[in-house]
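Numbering (this note's numbering), first residue to last: 2 to 127.
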């Protein structure tokens, strides 16, 4: 059975989708963007946007009874591949070894014209 996960500590869905879904102890998040949930603002620059997006992801996983430590796979969508190194540094400050499997792709455009979006698959903590 699937369970819908929602929290006001991460950006609300801006379309017909759930923030995350849990199925059999596995959490699948939708893409999380760097919107400050309390204000709707978007930080300036790829580093600050990455910090906000990973913070939002962390809050979403916590609402599901999981955490960044339980993430097994991420997909990071970035607007500019030249930001890869800077985003990697932020990524490494949020995730610890063993790092999740990851895909990172450059895309033409993201919702609200943000510079990155991240989605994750995580297990629930034991």
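Every residue, glycine too, gets a C-beta built ideally from N, C-alpha and C.
Residue i versus residue j: straight-line alpha-carbon distance, rounded
i, j, result
"residue 123", "residue 70", "8 Å"
"residue 16", "residue 110", "16 Å"
"residue 90", "residue 84", "10 Å"
"residue 107", "residue 81", "6 Å"
"residue 49", "residue 87", "10 Å"
Expected contact under 8 Å - CB spacing of residue i and residue j to nearest Å
i, j, result
"residue 60", "residue 97", "Not confirmed; about 18 Å, so no contact."
"residue 120", "residue 27", "Residue 120 to residue 27, Cβ: 13 Å. No contact."
"residue 74", "residue 101", "6 Å"
"residue 78", "residue 41", "That belief does not hold up - the Cβ atoms of residue 78 and residue 41 are roughly 21 Å apart, past 8 Å."
"residue 115", "residue 43", "6 Å"
Buried or exposed by the 16-neighbour rule on C-beta atoms within 10 Å, applied to residue i
i, result
"residue 25", "exposed"
"residue 39", "exposed"
"residue 14", "exposed"
"residue 99", "exposed"
"residue 47", "buried"
"residue 23", "buried"
"residue 1", "The structure shown does not extend to residue 1, since the chain spans only 2 to 127, so no value can be given for it."
"residue 72", "buried"
Proximity to residue i [Cα-Cα], best of the options
i, options, result
"residue 68", "112, 95 and 107", "95"
"residue 52", "106, 93 and 105", "93"
"residue 113", "21, 20 and 35", "35"
Span of the alpha helix (DSSP H), counted from its first residue to its last, around residue i
i, result
"residue 30", "Looking at the DSSP string, residue 30 is not in any alpha helix (DSSP H); the run it does join, the beta strand (DSSP E), is 27 to 30."
Limits of the unbroken beta strand (DSSP E) element including residue i
i, result
"residue 62", "It is not in any beta strand (DSSP E) - residue 62 instead sits in the alpha helix (DSSP H) that spans 47 to 64."
"residue 107", "102 to 107"
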